[in-house]
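When we follow UniProt numbering, the leftmost residue of the sequence shown carries the number 1, and every step to the right adds one.
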Amino acid sequence: MIKPYKHNKNDPEPRNTRYVDKWDYKHVRMPCSPKNIKRDGTPRWPIICFELTKLQSLCEIKSVKAKDIQNAIERCTGRDWEIRCLEYLLDHIYSEDDKNHFLFTVLPNIIRLVLNVDNICGQPPPLLKIGSNQTVTMSQLQCASLLSCAFFCLFPRRQEQHGTEYERYQNPNFNTMFFGSRHGPSSTKLEKLRSLLHYFTRITELMPVGVLSFSRYCLPENGIPDWNKSKNTMCKLHLTKNKSIEDMHGFIQVDFANEYIGGGVMDNGCVQEEIRFIIYPEMLISLLLCEVMADRECISFIGCERFSSYKGYSTTYEWNGTYNDTTSRDNWGRRLCHVVAIDAIRFSDPREQWKEKWCRRELLKAYAGFRVSDMEKHILNGNIVGIATGNWGCGAFRGDKQLKALIQLMAASQAERPLIYCTRSDSNFLNKFGLLYDCLTRNNVEVNDLFKYLIEYSNGVRDKDLFDHILLKVPVIQ
1 MIKPYKHNKN
11 DPEPRNTRYV
21 DKWDYKHVRM
31 PCSPKNIKRD
41 GTPRWPIICF
51 ELTKLQSLCE
61 IKSVKAKDIQ
71 NAIERCTGRD
81 WEIRCLEYLL
91 DHIYSEDDKN
101 HFLFTVLPNI
111 IRLVLNVDNI
121 CGQPPPLLKI
131 GSNQTVTMSQ
141 LQCASLLSCA
151 FFCLFPRRQE
161 QHGTEYERYQ
171 NPNFNTMFFG
181 SRHGPSSTKL
191 EKLRSLLHYF
201 TRITELMPVG
211 VLSFSRYCLP
221 ENGIPDWNKS
231 KNTMCKLHLT
241 KNKSIEDMHG
251 FIQVDFANEY
261 IGGGVMDNGC
271 VQEEIRFIIY
281 PEMLISLLLC
291 EVMADRECIS
301 FIGCERFSSY
311 KGYSTTYEWN
321 GTYNDTTSRD
331 NWGRRLCHVV
341 AIDAIRFSDP
351 REQWKEKWCR
361 RELLKAYAGF
371 RVSDMEKHIL
381 NGNIVGIATG
391 NWGCGAFRGD
401 KQLKALIQLM
411 AASQAERPLI
421 YCTRSDSNFL
431 NKFGLLYDCL
441 TRNNVEVNDL
451 FKYLIEYSNG
461 VRDKDLFDHI
471 LLKVPVIQ
């Protein structure tokens, strides 16, 4: 969406200086498209411009209220909405000064970014569809403009997902984020929305000048490893506790993803993936672009900026003030922050995960995210970047920690990447993992050996834990 460019202090220029419309199943259907019409054939964009300009006027005379935002969204979209969460945040959580700053300063800037989306973006971004190997690169300004459209729920056809062209996509619009029950919005959703509004506050104060890349990778059939025959030995492993994956600068950081990218970020979800998207709001663009992930696929983000600090997790999540991201940039202007999203299986019955077909599936998914591309090998001259991960697919997805750790160790070893394993404070687990790793490396255990031990364990009685089972097996190959 931008011209090829080397980073400097000027904004990256859009590829097209005048908006070039594309209204098809390969591209995002933009609110500003002339083909975005009501059922009676009336174009929506002039209505959107009129209603948002009217709302902007209320901001200028300092008489705007939350109800006016709701009215504008309803008139722009032709639908009934409620925004209890936004209303409650403004009226009961914000100080009077913060509320006025949002309504009189930040909101008009969000409106300006919407009204200029055609000039800012120049074209609709392409969709990242199943089976594709494709990258969308945009400026942070273009991202801000698209997120501003999502704030006003303007992306057409994204609410009615079942039985439509978007049934395998997330809804990027903010309507579910704004929604609150009659008993009041949850504290978690309020804190998430507070974090997102902080992003809009920050870009109002100073629009960041940089570049973002969103990629989808599909592992080809002929790239699937034969785990029974792999002669790779164990990769380097570093175990750490009380550190978050997002603190592992200089490494590829794993997003414990939902197959629908972002998971419940726009609703009540607030675990690893959702928190990541909330404190790095530019990652929300993937909800607009990405179709559901298949088994051999991953989604990658390069350049996203962190805007918020936080404390807590899940129901205890709280916005904890601003975060000034000082991560350096590459020659394209992208922050040196690389995140890869891989989705584990959610097991309603945890016993199912031990079946060989599911072990193979999780190995395949982890390897799809960890593998080293030919381009990376060329760019880095063989200096391969490590993977920062943790208890992927555990917690709400009910995965076994030892199984998921072993699967990720095997995938990283096959990809020949170092692995950095982060946990919150599980010293017992880390100690056992460390003992197992020392045994594996000391005895030159190969990936094929580890795979055989895993399948033997999964098909057996499982009267001891996985790590203990392997420790008993390793001396056989000494």
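For glycine and all other residues, C-beta sits at the position ideal for the given N, C-alpha and C. The structure presented is a predicted model; accordingly, all values stated were derived computationally and were not measured.
Tell me where the beta strand (DSSP E) around Val211 begins and ends.
For the purposes of this step, residue 211 is taken as residue 211 along the sequence shown, with counting starting at 1. Taken as a continuous stretch (DSSP letters only), the beta strand (DSSP E) holding Val211 covers Val211 to Cys218.
Three-state secondary structure (DSSP) of Arg18
In the sequence shown, the residue the question calls residue 18 occupies position 18. Looking at Arg18 - three-state DSSP - the assignment turns out to be coil, as it is neither helix nor strand.
Cβ pair Ser328, Asn320 closer than 8 Å:
Sequence index remark: in the sequence shown, residue 328 carries index 328 (1-based). Sequence index remark: in the sequence shown, residue 320 carries index 320 (1-based). Taking 8 Å as the Cβ cut-off, Ser328 and Asn320 do not qualify as a contacting pair.
Go to Trp45, then tell me how far its alpha helix (DSSP H) extends in each direction, as first and last residue.
Taking the first residue of the sequence shown as 1, we reach residue 45 at position 45. DSSP places Trp45 inside the alpha helix (DSSP H), whose first and last residues are Trp45 to Glu60.
Pick out whichever of Gly333, Thr137 and Val385 has its Cα sitting closest to the Cα of Ile252.
Working through the sequence shown from its first residue, we reach residue 252 at position 252. The shortest C-alpha separation from Ile252 is found at Val385.
With a threshold of 7 Å, establish whether the CB of Phe451 neighbours any heavy atom of the ligand COA.
As presented, the structure is devoid of all ligands, the ligand COA included, so that no description of it is given.
Please confirm whether Phe104 and Lys54 have their CB atoms less than 8 Å apart.
In the sequence shown, the residue the question calls residue 104 occupies position 104. In the sequence shown, the residue the question calls residue 54 occupies position 54. No. Outside cutoff.
Coarse secondary structure for Ser286, derived from DSSP in three states
Taking the sequence shown and counting its residues from 1, the one referred to as residue 286 is at position 286. If DSSP states are grouped into helix, strand and coil, Ser286 belongs with the helices.
Suppose contacts are defined by Cβ-Cβ distances below 8 Å. Is Leu407 in contact with Ala294 by that definition?
Residue numbering aside, residue 407 sits at position 407 when the sequence shown is read from its first letter. Residue numbering aside, residue 294 sits at position 294 when the sequence shown is read from its first letter. In the sequence on display, residue 407 carries Ile and not Leu. For Ile407 and Ala294, no; Cβs fall outside 8 Å.
How is Gly264 classed by DSSP in three states: helix, strand or coil?
Along the sequence shown, read from residue 1 onward, the residue named residue 264 stands at position 264. Coil at Gly264, not helix or strand.
When the Cα of Asn36 is compared with those of Leu154, Asn448 and Ala150, which residue comes out closest?
Translated into the one-based positions of the sequence shown, residue 36 becomes position 36. The residue with the shortest Cα to Cα distance from Asn36 is Leu154.
What's the call for Val445, buried or exposed, on a 16-neighbour Cβ count within 10 Å?
For this step, residue 445 is matched to residue 445 along the sequence shown. Val445 is buried by the Cβ-count criterion.
Measure the C-alpha to C-alpha separation of Leu419 and Asp68 and round it to an integer number of angstroms.
Your numbering for residue 419 matches position 419 in the sequence shown. Your numbering for residue 68 matches position 68 in the sequence shown. Roughly 51 Å separates the two Cα atoms.
Jot down the residue ranges of each uninterrupted beta strand (DSSP E) in the segment 312-344, minimum 3 residues, whole runs only, in chain order.
318-322 and 335-343
Would you mind sorting His92 into buried or exposed? The rule is 16 or more other CB atoms within 10 Å of its CB.
As a working mapping, residue 92 is identified with position 92 in the sequence shown. Exposed, since its Cβ has fewer than 16 Cβ neighbours within 10 Å.
Between the beta-carbon of Ala366 and the beta-carbon of Ala411, is there less than 8 Å?
Start at 1 with the first residue of the sequence shown, and residue 366 comes out as number 366. Start at 1 with the first residue of the sequence shown, and residue 411 comes out as number 411. Closer than 8 Å, so yes.
If you count every other CB in all the chains shown that lies within 10 Å of the CB of Thr42, and 16 or more means buried, which is it?
Within the sequence shown, the letter at position 42 stands for residue 42. Per the 10 Å Cβ criterion, exposed.
Would Leu52 pass as an interface residue toward chain B - the criterion being a Cβ-Cβ separation below 8 Å?
Given the protein chain composition of this structure (a single chain), no chain B is represented.
So, is Gly163 buried or exposed, given that buried needs 16 or more other C-beta atoms within 10 angstroms?
For this step, residue 163 is matched to residue 163 along the sequence shown. Under this definition Gly163 is an exposed residue.
Answer yes or no: do Cys422 and Ile245 have a C-beta to C-beta separation smaller than 8 Å?
For this step, residue 422 is matched to residue 422 along the sequence shown. For this step, residue 245 is matched to residue 245 along the sequence shown. Yes. Within cutoff.
Which same chain residues, not among the five before or five after Gly434, have their C-beta less than 7 Å away from its C-beta?
What you label residue 434 is simply residue 434 of the sequence shown in a count that begins at 1. Closer than 7 Å at the Cβ level, and outside the excluded window around Gly434, lie Leu239.
Determine the DSSP secondary structure at Ser458, reduced to helix, strand or coil.
As a first step, residue 458 must be located in the sequence shown, where it is residue number 458. DSSP places Ser458 in helix when its eight states are reduced to three.
Nearest by alpha-carbon distance to Leu89: which of Thr188, Ser132, Cys32 and Cys59 is it?
Here residue 89 refers to the residue found at position 89 of the sequence shown. If we check each option's Cα against that of Leu89, Thr188 comes out closest.
Does the segment 176-193 touch the segment 256-267, meaning 3 or more C-beta pairs lie closer than 8 Å?
yes
Rounded straight-line distance, which links the Cα of Arg306 to that of Ser427
Residue mapping note: residue 427 aligns to position 427 of the sequence shown, counting from 1. Residue mapping note: residue 306 aligns to position 306 of the sequence shown, counting from 1. Between Ser427 and Arg306, the C-alpha separation is close to 29 Å.
Tell me which residue opens and which closes the beta strand (DSSP E) that Lys355 is part of.
Sequence index remark: in the sequence shown, residue 355 carries index 355 (1-based). Counting along the chain, Lys355 falls outside any beta strand (DSSP E), and DSSP gives it neither H nor E.
Going by DSSP, what residue range makes up the beta strand (DSSP E) through His238?
Within the sequence shown, the letter at position 238 stands for residue 238. It spans Leu237 to Lys241 - the beta strand (DSSP E) in which His238 sits, taken as one unbroken run.
Terminal residues of the continuous beta strand (DSSP E) containing Phe422?
Numbered from 1 along the sequence shown, position 422 holds the residue referred to as residue 422. Strictly speaking, residue 422 in this sequence is Cys, with Phe absent from that position. Taken as a continuous stretch (DSSP letters only), the beta strand (DSSP E) holding Cys422 covers Leu419 to Thr423.
Do Val461 and Trp227 have their C-beta atoms within less than 8 Å of each other?
Position 461 of the sequence shown, counted from the start, is the residue given in the question as residue 461. Position 227 of the sequence shown, counted from the start, is the residue given in the question as residue 227. Not in contact: Val461 and Trp227 (Cβ atoms no closer than 8 Å).
Any contact between the segment 67-82 and the segment 118-130? By contact I mean 3 or more CB pairs, one from each, below 8 Å.
A contact between stretches requires three or more CB pairs, one per stretch, nearer than 8 Å, and the segment 67-82 fails this requirement with the segment 118-130.
If you draw a straight line from the C-alpha of Met234 to the C-alpha of Asn258, how long is it?
Start at 1 with the first residue of the sequence shown, and residue 234 comes out as number 234. Start at 1 with the first residue of the sequence shown, and residue 258 comes out as number 258. Taking the straight line joining both Cα atoms gives about 28 Å.
Nearest-angstrom Cα distance between residue 487 and Gly369?
Missing from the structure shown is residue 487; the chain here goes from 1 to 478 and no further.
On a Cα-Cα basis, can you pick out the residue from Phe200, Asp98 and Gly223 that is closest to Leu364?
One-based indexing of the sequence shown puts residue 364 at position 364. The shortest Cα separation from Leu364 among Phe200, Asp98 and Gly223 belongs to Gly223.
Identify every residue that forms a DSSP beta bridge with Glu138.
Translated into the one-based positions of the sequence shown, residue 138 becomes position 138. At residue 138 the sequence reads Met, which differs from the Glu that was named. Beta-bridge pairing links Met138 to Leu212.
4 or more residues per run - each alpha helix (DSSP H) lying fully within the segment 361-417:
374-380 and 401-415
Could you tell me which of Tyr166, Lys473, Leu128 and Asp374 sits nearest to Glu297, measuring between CA atoms?
Stepping through the sequence shown from its first residue, residue 297 is reached at position 297. Comparing C-alpha distances from Glu297 to each of Tyr166, Lys473, Leu128 and Asp374 shows the shortest one belongs to Leu128.
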